[in-house]
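S.K.: Structure provided below as structure tokens; questions to follow.
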Ligand SMILES: Nc1ncnc2c1ncn2[C@@H]1O[C@H](COP(=O)(O)OP(=O)(O)OP(=O)(O)O)[C@@H](O)[C@H]1O
Ligand SMILES: [Mg+2]
């Protein structure tokens, strides 16, 4: 299930604008990797290139290679829809489909893929996914009520359940706790710790404590100035990035001197 992710000389463009340049990184399977760095340095852009969500925008493209256990997800023979099943994404704002029930939200990935499931298969997927997202006990008696009727923290866990329902290899999370209160944030952080046993988890966060709590590896991105491309500055064990960074800019950033 869990797969390694490698970027090789990856550039990410919006039309002529080079937003992210020359990324080389090898991201471990069954681990949590945090992406940190100041606003505009390309964290979201790079993250979205990892499941081919980037190219949905007109003019958006990548150069270089992105390998999932050695297989290039940008190979001409690869279907982007399949890639998005293998590499799931959880967004900053919880975004359950508003017209769908809790149950339908969990099954939404199967519906989009046109899969036909028996009633017992659906029930099994709904229960396992909600249990894995630590949400089952809170919603098991109201599976046919709208997903939008849940609290923000519950909605985010519902989105995580929807992501894991299709059994991805990699889960991308773009500031998944930034719209949540401290208790819901801790619930999501605990969940991330559990997900790492089965998945490759990559999380973008502006919260240094969160990066330190949840991740084993941290990648620091930065930009030299407005209009310049974002670059990967330093990538190492999270403890090294926070305690003994090699680059001055990493040290300045993690100690709160800029960004
Ligand atoms: N759809 C888009 N079209 C054109 N340029 C874009 C688009 N989205 C982002 N950019 C530009 O790409 C660069 C990187 O943006 P990105 O959103 O990846 O940064 P980020 O590191 O995620 O920032 P933040 O921490 O604020 O979320 C910025 O200069 C941004 O203006
Ligand atoms: Mg972003």
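Residue numbers (full-length UniProt numbering): 1 to 259. The beta carbon of each residue, even a glycine, is placed where N, CA and C say it ideally should be.
Indicate the three-state DSSP secondary structure (helix, strand or coil) for residue 20 in the structure shown.
M.R.: Within the chain shown, numbered from 1, the residue matching residue 20 stands at position 20. Three-state DSSP puts residue 20 in a strand.
S.K.: With DSSP run on the structure shown, which of helix, strand or coil describes residue 167?
M.R.: Mapped onto the chain shown, residue 167 falls at position 167. DSSP places residue 167 in coil when its eight states are reduced to three.
S.K.: Return the first residue and the last residue of the beta strand (DSSP E) that residue 232 is part of.
M.R.: Locating residue 232 in the chain shown gives position 232, where the first residue counts as 1. Element bounds for residue 232: 230-237.
S.K.: When every heavy atom of ligand 1 is checked, does at least one fall within less than 7 Å of the C-beta of residue 250?
M.R.: Translated into the one-based positions of the chain shown, residue 250 becomes position 250. Because no heavy atom of ligand 1 lies under 7 Å away, the Cβ of residue 250 does not count as near it: no.
S.K.: Have a look at residue 33 and residue 219 and give me their C-alpha separation to the nearest angstrom.
M.R.: On the chain shown, residue 33 is found 33 positions in, with the first residue counted as 1. On the chain shown, residue 219 is found 219 positions in, with the first residue counted as 1. Cα-Cα distance, rounded: 7 Å.
S.K.: Using only alpha-carbon positions, find the residue among 66, 167, 79, 56 that is nearest to residue 26.
M.R.: As a position in the chain shown, residue 26 is number 26, starting the count at 1. Checking every option, the nearest Cα to that of residue 26 belongs to 66.
S.K.: Can you name, in chain order, every residue of its own chain whose Cβ lies under 8 Å from the Cβ of residue 24, other than the five neighbours on each side?
M.R.: Position 24 of the chain shown, counting from 1, holds the residue named residue 24. Hits under 8 Å: 7, 8, 9, 10, 232.
S.K.: Starting from residue 219, trace the alpha helix (DSSP H) both ways and give me its first and last residue.
M.R.: The residue given as residue 219 occupies position 219 in the chain shown. Residue 219 -> not in any alpha helix (DSSP H); beta strand (DSSP E) instead, spanning 217-223.
S.K.: With residue 89 and residue 51 assumed to form a contact (beta carbons below 8 Å), what rounded beta-carbon distance in angstroms separates them?
M.R.: Walking along the chain shown from the start, residue 89 turns up at place 89. Walking along the chain shown from the start, residue 51 turns up at place 51. Contact holds; Cβ gap of about 6 Å.
S.K.: How many Å lie between residue 251 and residue 40 at the Cα?
M.R.: Here residue 251 refers to the residue found at position 251 of the chain shown. Here residue 40 refers to the residue found at position 40 of the chain shown. If you take the alpha carbons of residue 251 and residue 40, they lie about 19 Å apart.
S.K.: Tell me which residues share the same chain as residue 57 and place their Cβ nearer than 8 Å to its Cβ, disregarding the 5 neighbours each side in the sequence.
M.R.: The residue labelled residue 57 in the question sits at position 57 within the chain shown. Here the set comprises 14.
S.K.: For residue 43, verify whether its CB is less than 7 Å away from any heavy atom of ligand 1.
M.R.: One-based indexing of the chain shown puts residue 43 at position 43. Correct: residue 43 has its Cβ closer than 7 Å to ligand 1.
S.K.: Quick check on the DSSP output: what are the complete alpha helix (DSSP H) runs of length 4 or more inside the region 65-144, in order along the chain?
M.R.: DSSP runs (the alpha helix (DSSP H)) wholly in the region 65-144: 80-86, 102-112, 119-132, 136-139.
S.K.: Take residue 129 and list the residues in its own chain whose beta-carbon comes closer than 8 Å to its own, dropping the five residues that flank it on each side.
M.R.: Indexing the chain shown from 1 puts residue 129 at position 129. For residue 129, where only same-chain residues beyond five positions count, the Cβ hits under 8 Å are 106, 161, 162, 164, 165.
S.K.: Which partner residues of residue 26 appear in the DSSP bridge assignment?
M.R.: Stepping through the chain shown from its first residue, residue 26 is reached at position 26. DSSP lists 6 as partners of residue 26.
S.K.: Would you check if there are 3 or more beta carbon pairs closer than 8 Å linking the region 233-240 to the region 209-216?
M.R.: With a cut-off of 8 Å, the region 209-216 and the region 233-240 count as touching, because enough Cβ pairs lie within range.
S.K.: Specify the secondary structure class of residue 174 as computed by DSSP and reduced to three states.
M.R.: Residue mapping note: residue 174 aligns to position 174 of the chain shown, counting from 1. Reduced to three states, the DSSP call for residue 174 is strand.
S.K.: On the criterion of 16 or more Cβ atoms from any shown chain inside 10 Å, does residue 98 qualify as buried, or is it exposed?
M.R.: Walking along the chain shown from the start, residue 98 turns up at place 98. With fewer than 16 other Cβ atoms within 10 Å, it is exposed.
S.K.: If the criterion is Cβ atoms closer than 8 Å, does the pair residue 157 and residue 135 meet it?
M.R.: As a first step, residue 157 is located in the chain shown; it is residue number 157 there, counting from the start. As a first step, residue 135 is located in the chain shown; it is residue number 135 there, counting from the start. Their beta carbons are under 8 Å apart, which means residue 157 touches residue 135 by this criterion.
S.K.: Can you tell which of 69, 256, 108 has its C-alpha closest to the C-alpha of residue 122?
M.R.: The count along the chain shown starts at 1 and reaches residue 122 at position 122. Checked all of 69, 256, 108; the closest Cα to residue 122 is 108.
S.K.: Exposed or buried, which one is residue 17 when buried takes at least 16 other CB atoms within 10 Å?
M.R.: Taking the first residue of the chain shown as position 1, residue 17 is located at position 17. With fewer than 16 other Cβ atoms within 10 Å, it is exposed.
S.K.: From the DSSP output, read off the bridge partner residues of residue 13.
M.R.: The residue given as residue 13 occupies position 13 in the chain shown. Note: residue 13 sits in a beta bridge opposite 18, 61.
S.K.: If you drop the 5 nearest sequence neighbours on each side, which residues of the same chain put their C-beta closer than 6 Å to that of residue 261?
M.R.: Outside the shown range of the chain (1 to 259) lies residue 261, about which nothing can therefore be said.
S.K.: Can you check which of these residues, 178, 79, 20, 227, is closest to residue 207 by C-alpha distance?
M.R.: Counting from one through the chain shown, the residue named residue 207 turns up at place 207. The shortest C-alpha separation from residue 207 is found at 178.
S.K.: Quick check: does the Cβ of residue 39 come within less than 7 Å of any heavy atom belonging to ligand 1?
M.R.: Numbered from its first residue, the chain shown carries residue 39 at position 39. At least one heavy atom of ligand 1 is nearer than 7 Å to the Cβ of residue 39, so yes.
S.K.: Is it buried or exposed, residue 119, if we count other Cβ atoms within 10 angstroms and call 16 or more buried?
M.R.: Within the chain shown, the letter at position 119 stands for residue 119. Exposed.
S.K.: For residue 174, verify whether its CB is less than 7 Å away from any heavy atom of ligand 2.
M.R.: Along the chain shown, read from residue 1 onward, the residue named residue 174 stands at position 174. Residue 174 Cβ: within cutoff of ligand 2.
S.K.: My output table needs one value for residue 258: the three-state DSSP class, helix, strand or coil.
M.R.: If you number the chain shown from 1, residue 258 lands on position 258. Coil, per DSSP.
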